[in-house]
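One structure is given here, and the rest of the page talks about it.
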Amino acid sequence: MPTSVTSRRLPRPEPLPPSRRRAVALVAVCRLLALACLSVIASPSRAQGSVTLYGLIDTSIEVTNPGSGYVARMDSGAYRGTRFGLHGSEPLGDGNSLVFTLENGFDSASGAFSVPGSLFNRQAWIGAHGAWGELRAGRQYSPLYIPFKGQLDAFGAGTIASGLNNLSKITPYTDNAFAYLSPVIAGFSATGMVALRDPGDDGNGIGGYYVTVEWALGGMKLLYAHQQTHGDGALRANFAGASYQWGALTGFVAYFNGDGGTPRYHDDGLSISALWQITPQASASVGYAHARDRSGGDNDADQFSIAFDYQVSKALLLYLSAADLENRGQATFTLRGVNVTGIPVAYPGAPVRGVQIGMIERF
10 MPTSVTSRRL PRPEPLPPSR RRAVALVAVC RLLALACLSV IASPSRAQGS VTLYGLIDTS
70 IEVTNPGSGY VARMDSGAYR GTRFGLHGSE PLGDGNSLVF TLENGFDSAS GAFSVPGSLF
130 NRQAWIGAHG AWGELRAGRQ YSPLYIPFKG QLDAFGAGTI ASGLNNLSKI TPYTDNAFAY
190 LSPVIAGFSA TGMVALRDPG DDGNGIGGYY VTVEWALGGM KLLYAHQQTH GDGALRANFA
250 GASYQWGALT GFVAYFNGDG GTPRYHDDGL SISALWQITP QASASVGYAH ARDRSGGDND
310 ADQFSIAFDY QVSKALLLYL SAADLENRGQ ATFTLRGVNV TGIPVAYPGA PVRGVQIGMI
370 ERF
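Residue numbers for the sequence shown follow this note's numbering, beginning at 10 and rising by one.
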């Protein structure tokens, strides 16, 4: 006779309280994240990107006589613009990578932004890099500004000592720009840039174009650059130069001209300078520059300069500069710096003399 079996239903477990459910869910999520991290670490083929914080602080004391007596002031960015920035790179494979730079300029004497209301006022671009060169899009240095112009004289186109910088005119930064930087091939390299106009500007949509070409062989370097901007304050400029290194001595010669800007600049000129690398840490420079007024007013200028640099450490540089600028006719050139506006002359044609001592700390 079959035996009857009575089924017994197990009691349903009591639901977990809300706090307990959250704890269990959190543990599960943590386990999943840990497994994901382990899988990434264990994958040898995965390329890692990087972001680097960098910057420098350039502060100096300047004593200048613009024709009405000596004036002392603290400058920021006389030799190299004070800045901090982020540079990122993400490998894409086959030697190619995605790159970007965000860079802010600020005044180390006051802490204020160099351009009020603009966070990344020096650079804000994204691009791609490879053996074929580099493409960039966004706000960038003009190719004539960095590093080109600094290779044309012994003063690196900085401090009050650079007659090349004081007597010439370029567009230092460019918005809405597309740039291509070539690799170095047989000593040759080139940069090309096209900038679009802001939506509110008139014209054909092109804000300007820039070209630089360099060739280096042994101790010799030849350089040429051209820019043409459009719209308000349009400026055409050309630079050509050469340098040659003989052991501890390097000589520089440069020709420049320009027409445009606000107020209008219409000059050409010549810069001759030399640098003596006394020791690996110390160097001395001397130079002369002349600007000729092409507007017919004979508003020429001459500048004589000396400078001394001492590299205290990899990060710290001390510098001393002195200059004598002789304005002719109604010329109003001033002693300025990379990111420093010169003290206005007391009257047109006034001579300007000054000394400057400063330091740069890089990080």
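The C-beta atom is built at its ideal place from N, Cα and C for all residues, glycine as well.
query, result
"Pairing CB atoms from the stretch 197 to 204 with CB atoms from the stretch 218 to 227, are three or more of them under 8 angstroms?", "yes"
"My parser needs the alpha helix (DSSP H) runs of 4 or more residues fully inside the stretch 104 to 178; what are they?", "172 to 176"
"What residue range is occupied by the uninterrupted beta strand (DSSP E) comprising Asp307?", "Unbroken run through Asp307: none, as it is neither H nor E."
"By the DSSP assignment, the beta strand (DSSP E) with His275 in it spans what residues?", "274 to 286"
"Check whether the stretch 99 to 119 and the stretch 349 to 369 touch, using three or more Cβ-Cβ pairs below 8 angstroms as the test.", "no"
"Can you tell me the Cα-Cα spacing of Ile194 and Pro100, whole angstroms?", "23 angstroms"
"Sort out for me which residues DSSP pairs Pro100 with in a bridge.", "Ser106"
"Here's the rule I'm using: 16 or more other beta-carbon atoms within 10 Å means buried, otherwise exposed. How should Lys323 be labelled?", "exposed"
"Pull up the CB-CB distance for Ala170 and Ala316, whole angstroms please, since I reckon it's below 8 angstroms.", "4 angstroms"
"Here's the rule I'm using: 16 or more other beta-carbon atoms within 10 Å means buried, otherwise exposed. How should Thr288 be labelled?", "exposed"
"Going along the chain, which residues of its own chain have a beta-carbon closer than 6 angstroms to the beta-carbon of Asn174, five neighbours each way excluded?", "Ala166"
"Asp84 and Ser69 - do their beta-carbons sit closer together than 9 angstroms?", "yes"
"Can you name the residues that DSSP bridges to Tyr189?", "Leu144, Gly201"
"Pop quiz: Ala240 and Gly216 are said to be a contact at Cβ under 8 angstroms. What is the actual Cβ separation, rounded to whole angstroms?", "In the sequence under discussion, the amino acid at residue 240 is Gly, which differs from the Ala named in the question. About 6 angstroms; that satisfies the 8 angstroms criterion."
"In the DSSP output, which residue or residues are listed as bridge partners for Leu231?", "Trp224, Ala251"
"Alpha carbon to alpha carbon, what distance is there between Leu161 and Ser292?", "17 angstroms"
"Is the separation between the beta-carbon of Phe372 and that of Tyr63 shorter than 9 angstroms?", "yes"
"Drop a sphere of 10 angstroms on the beta-carbon of Ala300, count the other beta-carbons inside from all chains shown, and report buried for 16 or more, exposed for fewer.", "buried"
"Taking the C-alpha atoms as reference points, what is the distance between Ala186 and Pro192?", "19 angstroms"
"Would Pro7 and Ile352 qualify as a contact pair, given that the criterion is a beta-carbon distance under 9 angstroms?", "Nothing about residue 7 can be read from this structure; the chain reaches only from 10 to 372."
"In the DSSP assignment, the beta strand (DSSP E) including Gln365 goes from what residue to what residue?", "361 to 371"
"Use the C-beta contact count for Arg273: other C-beta atoms within 10 angstroms, 16 or more gives buried, fewer gives exposed.", "exposed"
"Just to check my reading of the structure: Leu279 and Ala251 have Cβ atoms closer than 8 angstroms, yes? What is that Cβ distance to the nearest angstrom?", "12 angstroms between Cβ atoms; not a contact."
"Would DSSP call Asp318 helix, strand or coil?", "strand"
"How would you label Trp134, buried or exposed, when you count the other beta carbons within 10 angstroms and need 16 or more for buried?", "buried"
"Taking C-alpha atoms, which residue in Asn130, Gln286, Gly227 lies nearest to Gly90?", "Asn130"
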